[in-house]
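Enquirer: The structure under discussion is supplied below as structure tokens; questions concerning it will follow.
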Amino acid sequence: EQEKVLVARQPKSSRLQARAVRSLAGGTTSSWQIHRPQPIWVSHGSGSKVYDVDGNEYVDLHNGYGAMLVGHGHPLVVEAIANRARAGTHFAQPTEDAVVVAEDLAQRFGLPLWRYGNSGTEATMDAVHLMRAISSRDKIIKIEGSYHGHHDSVQVSVYQEMPEIGPPHAPRSVPASSGIPRAIVDQTLVVPFNEIDVLERVLRDHPGEIAGMIIEPVMMNIGIIPPAPGYLERVRQLTREHGVLLAFDEVKTGFTTGPGGVTRLYGVVPDIVCLAKSLGGGVPCGAIGGSDEVMSFIANGGYDQVGTFNGNPLTMAAARAVLTQILDDGAYSRLDALREEMVAGCEEIIGKYELPAYVRAIGAKGAVIFSPTEIQGYRDFLTVDNRFSHAHWLYQLNNGVFLPPWGKAEQWTLSVQHTSEDVQRFITNFRRFAEALSE
Ligand code: PMP
């Protein structure tokens with residue numbers, strides 16, 4: 013029913029969709045843009061809002077999969093990009109902005125040396141390569157259910173169905189996509205999040221074989237799961253004891269959870285931090301930061317971290333504006349206040365209508381998770397019924413709020429340009445949705 017309502021409001025979008033399938037595979041530009049009943053064909057964005065080609069306005073809580081922490085068309089980002097565009101956007105040589113950005117990142121994350129790439133995938137790929145290059149070992153450890161991008165080594169045990177994944181405390185490494193060689197999948201060992209004993213056993217069972225561990229320090233791709241008290245500290249300690257490098261994937265969490273990501277929030281410093289998404293203010297970006305020890309391996313030519321567009325001047329100009337002009341303490345206090353308003357509103361509604369759901373939020377990110385019990389890890393997540401979240405997603409969309417399409421997995425991202433009015437639009441819709449459910 014709600015799908016019909018949506019399609020009726022989007023005649024131009026439907027026509028564009030029909031045209032798109034003839035020249036774009038699947039009618040979209042990424043397979044995760046395919047969702048029912050059709051993608052939002054955006055014409056433009058401004059501040060906290062996006063507009064589809066049919067002229068419908070949406071409060072944007074999808075925010076480009078969480079990359080638009082500064083909101084759309086931020087005047088300072090626009091100015092930085094326009095100035096750079098006039099002065100040339102690509103030379104494959106470093107610019108001063110790249111140094112300013114690295115200096116700022118070093119302050120925020122407590123890691124001295126940086127390199128750039130163009131996406132989160134490239135950041136985690138470089139991290140994995142680097143850990144292997146330094147240790148001359150092939151195996152890595154990742155968390156079951158964590159998404160780190162679409163390169164082979166980390167396309168393992170993400171979004172699989174239940175039967176083939178093995179017992180919870182000894183999960184099998186399962187390819188998460190077609191096209192991933194079994195031989196590579198076998199080099200990736202999988203452990204459940206927040207279960208230190210399993211990690212300890214895996215480290216003990218593979219002496220001298222494991223190059224490093226990659227972990228999203230707050231899990232963000234299966235709802236939102238924070239680390240248990242002491243977990244990250246123990247991960248840091250154990251990896252160090254076993255001579256295994258540790259990389260934090262802060263592609264999602266990097267700036268959205270606070271000025272220096274989870275690294276700063278929890279005060280646990282890994283060997284490598286991976287960044288992307290919000291760093292570029294909407295321009296494609298990626299970065300890895302590391303300790304002197306780790307990054308000297310790049311500096312000395314031990315690992316060639318390369319790419320035609322690395323440190324692209326347009327990206328660097330945008331990132332400089334984002335970091336040095338926008339994401340300051342004031343921005344974070346405003347985001348905190350908005351988050352509190354979101355959470356309080358959601359909790360009130362969940363309580364009042366006794367919905368089988370709960371709210372998790374950290375920094376600019378949050379999610380209503382439609383599960384009666386708290387999701388502790390990937391296994392719980394697989395059992396969540398996503399009919400509620402899809403219905404809620406559609407209801408919000410039909411009432412002017414755009415959330416990520418996978419309600420079960422993806423969360424809202426606020427931006428520095430969102431207002432209390434935007435939050436209230438979401439809350440009002442959620443209340444009406446809850447009312448309709450309880451009728
Ligand atoms: N790591 C994490 C934690 C992510 O959420 C994502 C993307 N959602 C990536 C890496 C990959 O980033 P990209 O899509 O920019 O390649």
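Numbered by UniProt numbering, the letters in the sequence shown go through residues 13 to 451 in order. Glycine is no exception: its CB is placed at the ideal position from the N, C-alpha and C atoms. Everything numeric in this text was worked out from a predicted model, so none of it was measured.
1) Let me see if you follow: with CB-CB separation under 8 angstroms, is Arg437 close to chain D or not?
2) What separation, rounded to the nearest whole angstrom, lies between the Cα atoms of Leu250 and Ala182?
3) Given the structure, does Met232 come close to the ligand PMP, in the sense that its CB is under 7 angstroms from one of the ligand's heavy atoms?
4) Under a three-way DSSP split, which group does Lys24 fall into?
5) For Ile222, name the three-state secondary structure that DSSP assigns.
6) For Ile361, collect the residues of the same chain with a Cβ closer than 8 angstroms to its Cβ; drop the 5 residues on either side in sequence, then sort them by chain order.
7) Quick one, which of Asn411, Val65, Gln436 and Leu394 has its alpha-carbon nearest Leu173's?
8) Please identify the residue among Trp53, Thr41 and Val17 whose C-alpha is closest to the C-alpha of Arg27.
9) My output table needs one value for Pro325: the three-state DSSP class, helix, strand or coil.
10) Using only alpha-carbon positions, find the residue among Pro204, Asp164, Ala329 and Ala118 that is nearest to Thr136.
11) With respect to the beta strand (DSSP E) encompassing Lys154, which residues constitute its N-terminal and C-terminal limits?
12) In angstroms, rounded to a whole number, what distance separates the CA positions of Gln29 and Leu123?
13) In angstroms with no decimal places, state the Cα-to-Cα distance between Arg96 and Lys61.
14) Just to confirm the assignment, what range does the alpha helix (DSSP H) spanning Leu142 have?
15) For the beta strand (DSSP E) holding Gly301, just list the boundary residues, first then last.
16) Taking the alpha-carbon positions, what's the His74 to Gln423 distance?
17) Using the Cβ count rule (16 or more neighbours within 10 Å means buried), how would you classify Gln119?
18) Using a threshold of 7 angstroms, is the CB atom of Lys264 nearer than that to any non-hydrogen atom of the ligand PMP?
19) To the nearest angstrom, how far is it from the Cα of Pro23 to the Cα of Tyr63?
20) Could you tell me whether the Cβ atoms of Leu258 and Gly224 are closer together than 8 angstroms?
21) What runs of the alpha helix (DSSP H), each 4 residues or longer, lie entirely inside the stretch 179-204?
22) May I ask you to report which of helix, strand or coil DSSP gives Thr265?
23) Whose CA, out of Pro204, Ala20, Ile177 and Leu287, lies closest to the CA of Gly78?
24) For Ala187, which residues in the same chain have their Cβ closer than 8 angstroms to its Cβ, ignoring the five residues on either side in sequence?
Expert: According to the structure shown:
1) Considering every chain present, this structure includes no chain D. It has just one protein chain.
2) Put simply, the backbone Cα of Leu250 is about 18 angstroms away from that of Ala182.
3) In this structure, the ligand PMP has a non-hydrogen atom nearer than 7 angstroms to the beta-carbon of Met232.
4) Lys24 falls in the helix class under three-state DSSP.
5) Strand at Ile222.
6) Closer than 8 angstroms at the Cβ level, and outside the excluded window around Ile361, lie Leu367, Ile439, Phe442, Arg443 and Ala446.
7) In the sequence under discussion, the amino acid at residue 173 is Glu, which differs from the Leu named in the question. If we check each option's Cα against that of Glu173, Leu394 comes out closest.
8) The alpha carbon of Arg27 has as its nearest neighbour, out of Trp53, Thr41 and Val17, the alpha carbon of Trp53.
9) Looking at Pro325 - three-state DSSP - the assignment turns out to be helix.
10) Nearest of Pro204, Asp164, Ala329 and Ala118 to Thr136, Cα basis: Asp164.
11) It spans Lys151 to Ile155 - the beta strand (DSSP E) in which Lys154 sits, taken as one unbroken run.
12) Each residue's alpha carbon lies about 45 angstroms from the other.
13) Computed Cα separation, rounded: 25 angstroms.
14) Start and end: Gly132 to Ser147.
15) Residues Gly298 to Gly302.
16) Those two C-alpha atoms are separated by around 8 angstroms.
17) Residue burial annotation: Gln119 is exposed, with fewer than 16 other C-beta atoms found within 10 angstroms of its C-beta.
18) Because some heavy atom of the ligand PMP lies under 7 angstroms away, the Cβ of Lys264 counts as near it: yes.
19) So the two alpha carbons sit approximately 14 angstroms from each other.
20) Contact check for Leu258 against Gly224 passes: the beta carbons are separated by less than 8 angstroms.
21) Entirely contained in the stretch 179-204, the alpha helix (DSSP H) runs reaching 4 residues are, in chain order, 194-197.
22) Coil.
23) Nearest option by C-alpha distance: Leu287.
24) Here residue 187 is Pro; the residue named in the question, Ala, does not match the sequence. Excluding positions up to five away in sequence, the list reads Gln167, Val168, Arg194 and Val197.
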